[in-house]
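Residue 79 in numbering that gives the first Met the number 0 sits at position 80 of the sequence shown; the count goes up by one each step and never skips.
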Amino acid sequence: MTPREWSPELLERFAPIAARNPWGALETHGEQLHGAYVFQLDAGAQSALAAVRPVLCTHGVRAEVVGMVSEAPLFQFAAIDRGLMRVATMLNADVLAMSTQLPGLVRGAQRVGWVTTGAIVTKKLGH
Numbered sequence: 000m001t002p003r004e005w006s007p008e009l010l011e012r013f014a015p016i017a018a019r020n021p022w023g024a025l026e027t028h029g030e031q032l033h034g035a036y037v038f039q040l041d042a043g044a045q046s047a048l049a050a051v052r053p054v055l056c057t058h059g060v061r062a063e064v065v066g067m068v069s070e071a072p073l074f075q076f077a078a079i080d081r082g083l084m085r086v087a088t089m090l091n092a093d094v095l096a097m098s099t100q101l102p103g104l105v106r107g108a109q110r111v112g113w114v115t116t117g118a119i120v121t122k123k124l125g126h
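Printed below as a string of structure tokens:
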């Protein structure tokens with residue numbers, strides 16, 4: 000796990016995930032990544048970038064994964080989980096959270112101990 004500095008190139012790499020994020024229709028790409036740190040997660044020959052935002056809560060700090068980008072089509076979630084656990088420790092977080100529209104990502108997360116706690120339900124208002 001290597002912390003990275005945000006750059007225009009990194010922001011561009013995260014742009015495609017905005018449409019796949021459950022908040023994509025309601026937030027801009029910049030709003031989704033606001034306040035997040037970016038980390039490079041490496042596992043052997045595989046590499047992914049994760050944008051993680053620390054959120055202060057009554058229970059402590061939630062490390063919210065707001066975006067992930069991988070060059071590998073089948074990056075193993077167990078490797079992602081190990082990297083995210085190191086990120087959470089670095090952020091002094093007591094819980095990891097992520098929202099996604101990708102069922103395969105949810106299944107991978109569940110296999111390594113993540114729990115599905117609900118769904119995002121939204122309704123646009125006309126005012």
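C-beta atoms are modelled at their ideal positions from N, C-alpha and C, and glycine is treated no differently.
Item, Value
"Proximity of Gly107 and Met0 at Cβ, strictly below 9 Å", "no"
"Whole runs of the beta strand (DSSP E) within the segment 32-78, excluding any shorter than 3 residues", "36-42, 45-56 and 59-69"
"Residues bridged to Ala127 [DSSP beta-bridge criterion]", "The structure shown does not extend to residue 127, since the chain is modelled only from 0 through 126, so no value can be given for it."
"Ala118 classed as buried or exposed, judged by whether at least 16 other C-beta atoms fall within 10 angstroms", "exposed"
"Beta-ladder partner(s) of Arg179, from DSSP", "For residue 179 there is no data in the structure shown, the boundaries of the chain being 0 and 126."
"For Val54 and Val94, the rounded distance between their alpha carbons", "10 Å"
"Own chain, CB closer than 6 Å to Phe74, minus 5 neighbours either side, in chain order", "Gln45 and Ala47"
"Collapsed DSSP secondary structure at Leu104 in the structure displayed", "helix"
"For Val51 and Tyr36, the rounded distance between their alpha carbons", "5 Å"
"Environment of Gln100 [buried if 16+ CB atoms lie within 10 Å]", "exposed"
"Rounded C-alpha distance that separates Leu9 from Gly103", "24 Å"
"Distance between Met67 and Glu11 (C-alpha atoms, nearest Å)", "12 Å"
"Top-ranked residue by Cα proximity to Glu70, from Ala42, His33, Lys122 and Glu26", "Ala42"
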